[in-house]
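Everything below concerns the one structure shown next.
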Amino acid sequence: MSKRLTIAVAAALVCAGSALGQGTTPSTAPKQAENQKETQPTKLLPGDKAPTLSVEKWFKGEPVTGFEKGRVYVVEFWATWCGPCIAVFPHLSELQKEYKSKGVTVIGVNIWERPLNDQTFDKVKAFVDKQGDKMSYAVAFDGMAKNMTRTYMEAAGRGGIPSAFIVDKESKIAWIGHPAEMDEPLKQVVAGTWDASKARSAAEVEMAVQEVISKNRTDPEAMLTAFDELESRMPAAKPQIDAFRWRIYSMTGQADKALAMARPLIEKAIADKNAAALNDYSWTMVDPDGPFPKDKIDIDLAFRAATKAVEFTNEKDGAIIDTLARVYFVKGNIDKAIEWQTKAVAVAPPGMKEQLEEVLDEYKAAKTKG
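Each residue of the sequence shown is one higher than the one before, starting from 31 at the first, in our numbering.
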């Protein structure tokens, strides 16, 4: 997306962060050495035993040598070049602080660095040190062996970062997804009320959807056909498939088809309190460099999605507030755009703050011009 790091993906359906592909995937991720063939499960789903925690080194925090029964772990994967990963550092730190007394350990695992060589650890270490309190949790380096990449990310079919895995008190995978959507699952896992069987069914659906995406990544029409076939075989996949249909229609200039799907998708996201999805729908419609012609924007619908996203995140997510500010700007309410963009800048992490300040300057300049 232009000028900012938002939760939602800007372009072409390349990530597995959620049904909306929230995350980042490397174009040239380092390849695994041929002689490294550690045994791993064919698939990793909620309900399965968590793979061994095997990292090369630790950047900060108390090293975790294994999963203790009775404790809960969040294993989150990230890279230094991944903007959405950087954006969730503060939230992960908040979760570690909130749940530390309840037996939760948050672990950030660095993967997919490029180039990956003898100097990579030191470069990433300098990056982690610079983050300071924004990364107030244990942080590790997957390293040359890529054990965590294989046994977690690849086994779970995760093609994008940030990605998080919650390990429950029985050392089993409880949930897999984007860390921006992790709060409620983590709360329930800690409380012992989480239904891993439902999470497993949802993960199986997502894995099937991601398989369609990976096989048809460069051909939107073929992807739509494959989604039709998948829905006929797996009706439970329809909600996720519809979210991708929306994205395909939006990004291929089929605004009318996208808008026809928008309202039910947005209402479902509101019912689910899915702020990331709402932000994606709204931003896609108002992005100044996006696919929607001005005369095709349903600004009232974009406004409903954006305001709910801000509400669900308690006005604490700079990227989401930034979207609401843009909606106001498109509506012609420059004063409100400036008001909300100022709030976005105030709560944004350093890596995003500068970009949001540029947008704030844009709004102020527009007000000056009248």
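We put the beta carbon where it would ideally sit given N, CA and C, even for glycine.
Since the structure is predicted, the reported quantities are computational estimates derived from the model, not experimental observations.
message: Given a cut-off of 8 Å on the beta-carbon distance, is the pair Ala312 and Val377 in contact?
response: Residue mapping note: residue 312 aligns to position 282 of the sequence shown, counting from 1. Residue mapping note: residue 377 aligns to position 347 of the sequence shown, counting from 1. Note on residue identity: the sequence assigns Ser, not Ala, to residue 312. No, they are not a contact pair.
message: Just to check my reading of the structure: Val316 and Ala332 have Cβ atoms closer than 8 Å, yes? What is that Cβ distance to the nearest angstrom?
response: For the purposes of this step, residue 316 is identified with residue 286 of the sequence shown, where counting begins at 1. For the purposes of this step, residue 332 is identified with residue 302 of the sequence shown, where counting begins at 1. Here Val316 really is in contact with Ala332; their C-beta atoms are around 5 Å apart, less than 8 Å.
- request: Indicate the three-state DSSP secondary structure (helix, strand or coil) for Thr82 in the structure shown.
  value: For this step, residue 82 is matched to residue 52 along the sequence shown. It is coil, neither helix nor strand.
- request: Measure the alpha-carbon distance for Ile203 versus Ile368 and round it to whole angstroms.
  value: Here residue 203 refers to the residue found at position 173 of the sequence shown. Here residue 368 refers to the residue found at position 338 of the sequence shown. The straight-line gap from Cα to Cα measures roughly 43 Å.
- request: Look up Asn304 in the DSSP assignment and say whether it is helix, strand or coil.
  value: For this step, residue 304 is matched to residue 274 along the sequence shown. It is coil, neither helix nor strand.
- prompt: Leaving out five residues before and five after Gly222 in sequence, what residues of the same chain have Cβ atoms less than 8 Å from its Cβ?
  reply: Along the sequence shown, one-based indexing puts residue 222 at 192. Taking Gly222 as the centre and dropping the five residues before and after it, the same chain places the C-beta of Lys199 closer than 8 Å to its C-beta, in chain order.
- prompt: Could you give the distance in angstroms between the alpha-carbon of Ala288 and the alpha-carbon of Glu98?
  reply: Along the sequence shown, read from residue 1 onward, the residue named residue 288 stands at position 258. Along the sequence shown, read from residue 1 onward, the residue named residue 98 stands at position 68. Going by the C-alpha atoms only, they are around 47 Å apart.
- prompt: DSSP puts Asn140 in a beta bridge; with which residues?
  reply: Working through the sequence shown from its first residue, we reach residue 140 at position 110. Paired residue(s): Trp108 and Phe171.
- request: Please go through the same chain and pick out, in chain order, the residues whose beta-carbon is closer than 7 Å to the beta-carbon of Phe119, but skip the five residues on each side of it.
  value: Position 89 of the sequence shown holds residue 119. Correct list, in chain order: Gln161, Lys164, Met165 and Pro379.
Residue range of the beta strand (DSSP E) that includes Ser193: Numbered from its first residue, the sequence shown carries residue 193 at position 163. DSSP places Ser193 in the uninterrupted beta strand (DSSP E) bounded by Ser193 to Val197.
query: Taking three-plus beta-carbon pairs below 8 Å as touching, is the stretch 208-218 in contact with the stretch 238-248?
result: no
query: Do three or more CB pairs link the stretch 89-97 to the stretch 179-192 at distances below 8 Å?
result: no
- request: Answer with buried or exposed for Gly133, where buried requires no fewer than 16 other C-beta atoms within 10 angstroms of its C-beta.
  value: The residue you call residue 133 lines up with position 103 of the sequence shown. By the 10 Å Cβ count, Gly133 comes out exposed.
task: Determine the burial state of Gly283: buried for a count of at least 16 other Cβ atoms within 10 Å of its Cβ, exposed for fewer.
output: As a first step, residue 283 is located in the sequence shown; it is residue number 253 there, counting from the start. Gly283 is exposed by the Cβ-count criterion.
message: According to DSSP, Ile203 sits in a beta bridge with which residue or residues?
response: Position 173 of the sequence shown, counted from the start, is the residue given in the question as residue 203. According to DSSP, Ile203 bridges with Val197.
- prompt: Under 8 Å, do Lys397 and Ile364 count as touching if we go by C-beta distance?
  reply: Within the sequence shown, numbered from 1, the residue matching residue 397 stands at position 367. Within the sequence shown, numbered from 1, the residue matching residue 364 stands at position 334. Yes; because the gap between Cβ atoms is below 8 Å, this pair is in contact.
task: Using the DSSP secondary-structure output, state which residues sit across from Trp88 in a beta bridge.
output: Sequence index remark: in the sequence shown, residue 88 carries index 58 (1-based). Answer is Ala170.
- prompt: Leaving out the 5 sequence neighbours to the left and right, which residues in its chain are closer than 7 Å to Ala232 when beta-carbon positions are compared?
  reply: Locating residue 232 in the sequence shown gives position 202, where the first residue counts as 1. Counting only Cβ-Cβ distances below 7 Å, and skipping sequence neighbours, we find nothing.
- request: Using three-state DSSP, classify Thr353 as helix, strand or coil.
  value: Locating residue 353 in the sequence shown gives position 323, where the first residue counts as 1. Of the three classes helix, strand and coil, the one that applies to Thr353 here is helix, per DSSP.
Same chain, Cβ closer than 6 Å to Ala266, neighbours up to 5 away in sequence not counted: As a first step, residue 266 is located in the sequence shown; it is residue number 236 there, counting from the start. Same-chain partners within the cutoff: Val235.
- request: Rounded to whole angstroms, what's the CA-CA distance from Tyr279 to Asp347? Just pull it up for me.
  value: If you number the sequence shown from 1, residue 279 lands on position 249. If you number the sequence shown from 1, residue 347 lands on position 317. In a straight line, the C-alpha of Tyr279 is about 27 Å away from that of Asp347.
task: Determine the direct distance from the alpha carbon of Arg188 to that of Lys326, and round the result to whole angstroms.
output: Here residue 326 refers to the residue found at position 296 when the sequence shown is read from its first residue. Here residue 188 refers to the residue found at position 158 when the sequence shown is read from its first residue. Using only the alpha carbons, I get a separation of about 34 Å.
task: Consult DSSP for Gly51 and reduce its assignment to one of helix, strand or coil.
output: Numbered from 1 along the sequence shown, position 21 holds the residue referred to as residue 51. Annotation note: pLDDT 37 at Gly51 (below 50); position unreliable, no value reported.
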